[in-house]
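Numbering (my numbering), first residue to last: 687 to 1964.
Don't be surprised by glycine CBs; every beta carbon is placed ideally from N, CA and C.
Worksheet: one structure, shown below.
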Amino acid sequence: MKKTLSKTKGNGCKKISSYFKTTGTVLKKTTSSQNDNDVILLDSDEEQINLDHKEIMSKRKLENGESNISPPFKKHYCKTSPVPSTSETNSVINIKNIKELLSPRALKAYNTMNEKVEKVLDEIKQNTHISEIIQCKTPEKQNLIKKKTPIKSSEKASVSNKKTPKKLYLQSPNKINVDVLKNFVKVTPKKSNNAQYDEKKCGEVQNVNETTPKKYQIVTSFSPTEKVRTQLDFSSCNEVVNQEVASELGVVSNENINLSDLIFDDSWGDDMFEGKKYTLDLSVSQHCEVISTEKKKLEVILTVKSTNTDEQAICRLRDIWFDTKLNIGDTLNITAIKSGEDNEWLVDNHNGILVYEPDFLISATSIANGVFCKRKVVFTEKYRGFDPTNKHMIVGSMVHMLLQDVLIKKIYQLENIKNYASELVKKPNYVADIYACGEPYDTVKEEFFLYVPKVYDFITNYIQKNTKLQASKKDDWKGRITDIEDVEENIWCTSLGVKGKVDITIKNGDEVLPIEVKSGRATVSVEHRGQVLLYIMMMNKLGYKVSSGLLLYLKEGILKEVPPTASEKAGLMMLRNELAFYLTKQPKLVNDDSAKSIIEQPQLPEPIYNRFCGSCPYNVICVTQARYFNQDISHLKPLKKVSDEIGDAITPEHVDYFMKWSALLTVEMGGASGRKNLKEIFTVAPRERKKKGKCLINLRIKAVTKEDNRLYTHKFEESKTKKSADVNFLASGLADHNYVVVSTEDRPAIASGFITQMSPNSVEVTLERDLTVKFKDKLFFIDSYDSTSLLTSSMASLGLILDTSEQGNKLRRIIVDRHPPTFQKTIPKTVALKAKPILKRLNMVQRRAVLRAIATEDYFLIKGMPGTGKTATIVALVELLVATGKTVLVTSHTHSAVDNVCLRLVKYGVDFMRLGNKNRINKDLWPFCEDELTRNCSLPEELETVYNNKSVVAVTCLGSSHFLLSRRKFDVCIVDESTQVVQCSVFRPIFSAKTFILIGDPDQLPAVIQNNDAVKLGMDESLFERLDSEVSRISLNINYRMNEPITALANALTYKDELVIGSEEIAKATLHIPKIEVLKSNNVFSWMLPFLSSDLDLAVQFIDTGPTWNLSHKVHWCRTPNVDESEKYTNIYEAAVIFHLVEALLKGGVTTNQIGVIATYRSQVAQLATLLKDKSVEVNTVDQYQGKDKNVIIYSCSKSIDCGSDWSTNQFELLESKRRLNVAITRAKHKLIIIGDWNTLKHYSTFKAIENNLKKNFTKLQECTGFSWSDILDLVRL
């Protein structure tokens, strides 16, 4: 596809089709004829070649003069000639019926078909004598100088009298006159079906055929449909072959053999004997998969198969669609017209449409921007959030809001519009945006108020019924707005692979039109026009009848009508397909010459020449990518200037680092097993989504409450007509504050918002629109999905590694080049004096860590082993930094980790501001939240005062995209649990500080990476691990949590005796059960008493359930998992044991907050949570327990399987993760009980490492007195 750039004249609408070069070549169908008595010779041996090749060449020269150039090639037909009998030569098999096609001789000859064909071609190359040359249709030779040879009148008459013969297999149903010379050759004209097809040799045959005398007749050409399969009639063939045939085929049997039992080689498919049925109707849009592609000179021939049925179709792509990038296995939506051939379809400039990967939705804005620069669109989608906010974006947003609100609320008087604009500009979100962009408030307000009279003029001209219509310009739209149909209507058009929000949908009488509002200059550009056309196409797909759309340029008061054309729509969809091609391509894991796994980067659009490249926010990324792919941009002066400015600041090592992590994040975002993808909302049926979890179906709206800022809280309940007996919304996998998408039965994603409250039979969701206005009586479906927002944020943060400022250079030296840290040699006396009272409460190792962190000039690492007081060290460090006048940014991967530090800061009287969603923050910290502290700020200057007065700011890594971090520079950034964060996720917060401190434990849980390929390539390596060295790190190793046996277990698994205990009291601490006598007096608990002993030597217990995979007890309380997981392991036997252990502990007087239950798999957590829901005991996965501890931990390993001889563990299994097991066992203070099937667990290296420790207190459950599976399963009471 080639773009032709031309300038827009005046304000006229420029057609998108002018940007696309198309070809309108008409393909003519050629016909030919053949005499009824002709015999096609399918193969030949040298003995049958009777004509001298040199004699033929001589005749050709006489006809053409002395020139050696042959006349234009024509289809030549073999002259009918007598065929030698098989007794004279072994070259010919005379076949009189189909049965003989399956004779032993023919079948054996068939197996060496390719060898024979090559032999004939070699003989032709050596100019051997040729008797007859069989020529199917050959490609037209490109470089021939064509001459017309005069034809005598008698010859003309002869040609005109020829008749098209019947096809050979239709001439006689009883006798098939086909001669096979020496070998049986399968008639399969389609080249793609022959793996041995050789283009070069075919060309050599063609050259020889061009010397064949003209008197030979022309072979009947195959139509494209016939070329796909040649149909043979086997109706006269017997059902069996005799024993002679079987013997020669190597089949030993005393009976006749069915033909269907014979095994031929791969090319003997059923399709050879029976024609393929191409019944898929492409006159309506079909979701298809590409089966095959064949590229011709002026068209592409596709074979596609419906993804819903097995029906197939052949479709030709011409004109603009010819250049569509397609591969076998790609998914398409196709609408086409009949091409004139039987069962064949056509897509060209004027007919039909093709959508590449339609399940990947691209915004209409992105597609329209692709007209300008496809490369920028790809970068914008990948590194979303990288470009900063500016004044024009803020003004444009406020103008949109003003126009939409006055239309919705029918504020038509100029004075009222001014008053509303004054209120709008003071709203907290706009005040914050103005502060973020750094522009003076009055400047932004003044520019915004220039649009107020323009809004009034628009309403006066097009809406008010009592005024005379006055179009601003003579070429403006002449209609009138009779009604506002919708505002900000959200559309996901899955048949076009496009999504978008229509600014305003209006009615002009019965006609519906979308309006796209622009606050800039009235260019009526191709991008703007394209956006409107895409809205028209989407709305028509939704059932609206939209013939045109409108472009409103408020600044100049211009309203242009945009009517679509077929060629423009085709051009837009071709552009959308090209963007989808680049955006859906994933990096590939390949092996280099040394068998080492490397990443093969996906293809990108070519860089372009444009004067705006210098101001593009992605220009450094663009140049970096060009350097990586060794693209020459010297002729692209704007980009070359950027490259020259970068110079050597970004080295090849920096480029490689950026490209590697860009690929890793792309691979991880691409999905992994068990992750619910956004597209499932419209590609998977509602009931199937419900089974997988995170989906509620068949809902009705119970009530709607209007909130501030155009928000509406909807209360949904299950429909009474489709109510389930076991409805429980709390078991759906959805939870408060989840971001959700709301759909109807016939339309996905009509709105989106957040869950504000959930109960077992209702859910409240806050949305941006009132759904009762358009969808009152509809059934609704609510979906959440596994968000990639953290990865998207990480991708934007990754771009900071290419920043050309001094801070960017510093980060590259530290992170990519791994320069070691430097430290001040001395600490100022004032710091030492202020440090003394703060450091008093710390041990010697913690004090050294704090002082070392104070002295660093760039970065420092603190390794905190389990229970060694990481949080206490962080709080002391923050307190000391504030006391010495420093500003501090505190961040971590999770809200709970950040809140944990903040709660300690409150205890020690350190003031701070907590950024983030108030609903995700601990309620005890609400007085310190941004929302509360800035509630009364109505000007950016007031905001700035509040923000700058806080020496300490706390935020999650994901929330570090907050504008405050781009406006303030902190002295120190402290990252807690840094080993749990994706490496580049911390770039944003540490970029905002002069120095940074990473705190974590690389022997505990890493970042959660779901794609195994990404793990193999090192994506689970944290920044802490990358920078870890003896110089840069200090280890906190004095443990204040675990007693002696549990500490010994942790050392055996991980710490190699580095972990020590802080005091004798902690070392000897044991579980105290106040009412132990109650348990001893009850026989129900007799088998459990050894596990609950307060003896220090029995602090670690392993309960071996034995194999439970082969047990088949049925229980009423077994929960069927409805959450989609990569591995589903629910173990009711372990769940029952844990139920009784928890019940015994509670009856023995242990409080609920002292007991913790951990399970390896989410499905087991769900089962345990169901059993223990009335016990108020925390049940969670290992990941959720990181950073927590309990007096007693019960760990359910869950997995019990048949470990046969062919079974082995997988390095990516959860039970094979040493870091995960380390976290599980180090959550316990005084008692650790591990439950599992040792026959399964002993195969894992993690459990082998601690086998000796576990064997000290190892109990086979079924050997316990008073124990039986039947009893403990039956005694479970919910």
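Q.
I need the DSSP call for residue 1053, collapsed to helix, strand or coil.
A. Reduced to three states, the DSSP call for residue 1053 is helix.
Q. Who are residue 1334's beta bridge partners in DSSP?
A. Under the DSSP definition of a beta bridge, residue 1334 lacks any partner.
**Q.** Terminal residues of the beta strand (DSSP E) in which residue 641 lies
**A.** Shown here, the chain extends from 687 to 1964; a query on residue 641 therefore has no answer.
Q: Sort out for me which residues DSSP pairs residue 1721 with in a bridge.
A: DSSP lists 1549 as the bridge partner or partners of residue 1721.
Q | Where residue 1763 falls, given that 16 or more other Cβ within 10 Å makes a residue buried | A | Around the beta-carbon of residue 1763, fewer than 16 other beta-carbon atoms lie within 10 Å, marking it exposed.
(Q) I need the straight-line Cα distance from residue 1318 to residue 1483, nearest angstrom please. (A) Going by the C-alpha atoms only, they are around 27 Å apart.
Q) Distance, Cα to Cα, residue 1074 vs residue 1009? A) Distance from the CA of residue 1074 to the CA of residue 1009, rounded to the nearest whole angstrom, comes to 36 Å.
Q: Helix, strand or coil for residue 1178, going by three-state DSSP, please let me know.
A: It is a strand residue.
Q: Name the residue from 1234, 1304 and 1948 whose alpha carbon lies nearest to the alpha carbon of residue 1924.
A: Selected option, being the one with the closest Cα: 1948.
Q | Own chain partners of residue 1963 with C-beta closer than 7 Å, once the 5 adjacent residues on each side are dropped | A | Listed in chain order, the non-local C-beta contacts of residue 1963 below 7 Å within the same chain number zero, local neighbours out to five positions each way being set aside.
Q | Test item: CB-CB of residue 1345 and residue 1314 under 7 Å | A | Judged by their CB atoms, residue 1345 and residue 1314 are nearer to each other than the 7 Å cut-off.
(Q) Here's the rule: buried if 16 or more other CB atoms are within 10 angstroms of the residue's CB, otherwise exposed. What is residue 1373? (A) When all chains shown are included, residue 1373 counts as exposed.
**Q.** Neighbourhood of residue 1202 by C-beta distance below 8 Å, restricted to the same chain and skipping five residues each side
**A.** Setting aside the 5 residues that flank it on each side, residue 1202 is surrounded in the same chain by 1188, 1189, 1214, 1217, 1218, 1221, 1235, 1236, 1237 and 1238, each with a C-beta closer than 8 Å to its C-beta; the list follows chain order.
Q.
Let me check one thing: in DSSP terms, what residues is residue 1400 bridge-paired to?
A. According to DSSP, which records beta bridges pairwise, residue 1400 is partnered with 1390 and 1451.
(Q) Assuming residue 1681 is part of the beta strand (DSSP E), what are its boundary residues? (A) Counting along the chain, the beta strand (DSSP E) containing residue 1681 begins and ends at 1679-1686.
Q. Near residue 1069, what residues of its chain come up, given a Cβ to Cβ distance below 6 Å and the 5 sequence neighbours on each side ignored?
A. Contacts found: 1481, 1482 and 1485.
Q: Grab the span of the beta strand (DSSP E) containing residue 1096 for me, first residue to last.
A: Per DSSP, residue 1096 belongs to no beta strand (DSSP E) and is neither H nor E.
Q | Rounded C-alpha distance that separates residue 1033 from residue 968 | A | Note on geometry: alpha-carbon atoms of residue 1033 and residue 968 lie some 10 Å from one another.
Q. Taking Cβ positions, are residue 1270 and residue 1045 nearer each other than 7 Å?
A. Cβ atoms of residue 1270 and residue 1045: not closer than 7 Å.
Q: State the DSSP-derived secondary structure class of residue 1956, mapped to helix, strand or coil.
A: Assigned with DSSP and collapsed to three states, residue 1956 falls in helix.
Q) So residue 1739 and residue 1936 are in contact, right, with Cβ under 8 Å, and what is the actual spacing, rounded? A) Sure, about 5 Å apart at Cβ, within 8 Å.
Q: Indicate the three-state DSSP secondary structure (helix, strand or coil) for residue 1171 in the structure shown.
A: Strand at residue 1171.
Q) Just how far apart, CA to CA, sit residue 1511 and residue 1542? A) CA-to-CA, the gap between residue 1511 and residue 1542 works out to about 9 Å.
(Q) Buried or exposed, going by whether 16 or more other CB atoms sit within 10 Å of the CB of residue 1107? (A) By the neighbour-count rule (16 or more Cβ atoms within 10 Å), residue 1107 is buried.
Q | Local conformation of residue 860 per DSSP, three classes | A | Confidence is the limiting factor: at residue 860 the pLDDT is only 42, short of 50, which leaves the residue's position unreliable and the question unanswerable from this model.
Q.
Here's a check: name, in chain order, each residue in its chain whose Cβ is nearer than 7 Å to the Cβ of residue 1123, leaving out the five neighbours to either side.
A. Taken in chain order, the residues that qualify are 1075, 1076, 1077 and 1080.
Q | Backbone CA spacing between residue 1920 and residue 1847 [nearest angstrom] | A | In a straight line, the C-alpha of residue 1920 is about 15 Å away from that of residue 1847.
(Q) What does the alpha-carbon distance come out to for the pair residue 1537 and residue 1733? (A) Whole-angstrom Cα-Cα distance: 28 Å.
Q: Give the DSSP bridge partners of residue 999, in chain order.
A: The partner list for residue 999 (beta bridge, DSSP) reads 990.
(Q) On a Cα-Cα basis, can you pick out the residue from 1273, 1302 and 1299 that is closest to residue 1289? (A) Closest by C-alpha distance to residue 1289, out of 1273, 1302 and 1299, is 1273.
Q | For residue 1786, the residue or residues it bridges with in DSSP | A | Beta-bridge partners assigned by DSSP to residue 1786: 1918.
Q: Determine the burial state of residue 1917: buried for a count of at least 16 other Cβ atoms within 10 Å of its Cβ, exposed for fewer.
A: Sixteen is the threshold: when 16 or more other Cβ atoms of the shown chains lie within 10 Å of the Cβ of residue 1917, as they do, the residue is buried.
Q: Evaluate contact between the segment 1548-1566 and the segment 1680-1687, counting only Cβ atoms and requiring at least three cross-stretch pairs below 8 Å.
A: For the pair of segments examined, the segment 1548-1566 was found to touch the segment 1680-1687: the number of CB pairs separated by less than 8 Å reaches three.
Q | Cα-Cα separation between residue 879 and residue 1353, rounded to whole angstroms | A | Residue confidence is low: residue 879 scores 41 on pLDDT, short of 50, so the model does not pin down where it sits. No coordinate-derived value is stated.
Q. Going by alpha carbons, who is nearest to residue 1862 out of 1712, 1868, 1129 and 1832?
A. Nearest of 1712, 1868, 1129 and 1832 to residue 1862, Cα basis: 1832.
Q: Under 8 Å by Cβ, that's how I've got residue 1465 and residue 1384 pegged, so tell me the actual separation to the nearest angstrom.
A: Contact between residue 1465 and residue 1384 holds, with the beta-carbon distance rounding to 5 Å and staying under 8 Å.
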